[in-house]
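> The sequence shown begins at 295 in our numbering and counts up one residue at a time.
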Amino acid sequence: MNPTVTLPQLPLHEWEETKMTLHLILQIIGKVRLKMTPRKNHWWYITQYVSPMGITTSAIPYNNGLNSFEVILNIHKKRVEIQTSTGEEKLIYLEDGKSVAQFYKTFVAALKELGIEPNIVDKPFDLGIEKRFAEITEYRHFDWAYIGKFWKIMLWIDGVMNEFSGRFYGKTCPVQLYWHHLDLAVTRFLGKKGPALDPNARISDKDAYSHEVISFGFWAGDDKVKEPAFYSYTYPSPEGIDQEKLEPSTAAWVDSNGSPMAFLSFANLLKEEDPRAALLRFFESAYVAGATLAGWDMEELKAVDLEEL
């Protein structure tokens, strides 16, 4: 491995309960952002961001826009911070044994004391948990060693994704953490409308896939894929994309709900001599595969080097 890149292992089975606890807390925070932030295309207004402190919502307006607040999961201090433009703050410490239910009740009460009362849907999204947040007592795990590893990995990936993002002149979303599936992602848009989805499809899918996209991401694993990995997919998926070459050699096309998805396991990336260069090659090869077959004008969309300006 390149000596300048030292990334920790992140085996899912060693922190699965902590990961679910963290995921649920980020969903609670994310739902507040969803409820109170002005709409932006393709759900970009609901996301969270990796920061030097941990994970943040960025500024959220309240009090008719006269004030704003930010919610930060501070990895260093092992707490959730609510910081306001008025200088007020609330701190909620996250110790092992403190349940999601306890956090939810404390968090809502803290917001209320600050004059912030969002009416959120108080149940987990797409996690197979039917209880309301205030009833979830079984998840109460905070292995901060693993939470720290997860954050350090995402901080590094955030930098790589931002470098990759800068190569494209077309519409591109920020590098952002989608709290519904807990994946860090960046997406490129062609600007051409995609095919209409089923009328019964989720409104979130209808907005996310209103236009042709090629998306790139990382997630720490779940009940279907029991390991952290990188992915990329093209929507709509062009015929024959799974026959296109991917880099590095350990990357492969896998089936994802009936469509090909480029896949590179985090474990295989760690084996590369230069993980950063290898991850950039993975993103680039997946982009070339999708853009070529989907008829994107890659030369037109390619960012010009500053030396050429």
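Beta carbons are placed, not taken as given, at the ideal position from N, Cα and C, and that holds for glycine.
On a predicted model such as this, the values are computed, not experimentally measured, just so you know.
How big is the Cα-Cα spacing for Asn357 and Ser379?
Computed Cα separation, rounded: 11 Å.
> Can you find the residues in the same chain that come closer than 6 Å, C-beta to C-beta, to Met295, ignoring five residues on each side of it along the sequence?
Because the pLDDT at Met295 is just 44, under 50, the model does not fix this residue reliably, and the value given afterwards should be weighed accordingly. Counting only Cβ-Cβ distances below 6 Å, and skipping sequence neighbours, we find nothing.
> Find the nearest neighbour of Gly359 within the set Pro522, Gln537, Met330 and Asn335, judged by alpha-carbon distance.
Here the closest residue by C-alpha is Met330.
> Does Pro346 come out as helix, strand or coil in the three-state DSSP assignment?
Looking at Pro346 - three-state DSSP - the assignment turns out to be coil, as it is neither helix nor strand.
> Identify every run of the alpha helix (DSSP H) within the stretch 297-364, keeping only runs that are complete inside it and at least 4 residues long; order them along the chain.
Here the runs fully enclosed are 310-330.
> For my contact list, Pro248 and Leu318 are in at a C-beta cut-off of 8 Å; report their separation, rounded to the angstrom.
Beyond the ends of the chain as shown, which are 295 and 603, falls residue 248; an answer cannot be given.
> Going by DSSP, what residues sit across from Tyr527 in a beta bridge?
Partner(s): Ser509.
> Beta strand (DSSP E) containing Thr378: first to last residue?
Per DSSP, Thr378 belongs to the beta strand (DSSP E) from Arg373 to Thr378.
> Just checking, does the stretch 512-531 make contact with the stretch 577-587 on the three C-beta pairs under 8 Å criterion?
With a cut-off of 8 Å, the stretch 577-587 and the stretch 512-531 count as touching, because enough Cβ pairs lie within range.
> How about Ile410 and Lys325: are their beta carbons less than 8 Å apart?
Cβ distance not < 8 Å, so Ile410 and Lys325 don't count as in contact.
> Are there 16 or more other CB atoms within 10 angstroms of the CB of Tyr433, so buried, or fewer, so exposed?
When all chains shown are included, Tyr433 counts as buried.
> May I ask you to report which of helix, strand or coil DSSP gives Ser543?
Three-state DSSP puts Ser543 in coil, outside helix and strand.
> Verify whether the separation of the beta carbon atoms of Glu383 and Glu375 is less than 8 Å.
Contact flag set, yes.
> Taking the straight line between their C-alpha atoms, what separation do you get for Ala439 and Tyr463?
If I take the Cα positions, the gap works out to 39 Å.
> In its own chain, which residues sit with a C-beta less than 6 Å from the C-beta of Asn368, not counting the 5 before and 5 after it?
Contacts found: Met347, Gly348 and Glu375.
> Any idea if Lys487 is buried or exposed, counting beta-carbon neighbours within 10 angstroms, 16 or more meaning buried?
So Lys487 ends up on the exposed side.
> Distance, Cα to Cα, Thr544 vs Leu564?
So the alpha carbons of these two residues sit roughly 11 Å apart.
> For Phe462, does the three-state DSSP call read helix, strand or coil?
If DSSP states are grouped into helix, strand and coil, Phe462 belongs with the strands.
> To the nearest angstrom, how far is the alpha carbon of Thr431 from that of Gln396?
Near 8 Å, if we compare the C-alpha coordinates of Gln396 and Thr431.
> Do you know offhand how far Pro489's Cα is from Tyr387's?
The alpha-carbon atoms of Pro489 and Tyr387 are separated by roughly 46 Å.
> Whole-angstrom Cβ separation of Asp536 and His474, contact assumed at under 8 Å?
26 Å between Cβ atoms; not a contact.
> When you compare each of Glu541, Leu484, Asp499 and Glu389 to Ala315 by their alpha carbons, which one comes out closest?
The question names Ala, yet the displayed sequence has Thr at residue 315. When only C-alpha atoms are compared, the closest one is Glu389.
> Please report the residue range of the alpha helix (DSSP H) in which Asp516 lies.
Per DSSP, Asp516 belongs to no alpha helix (DSSP H) and is neither H nor E.
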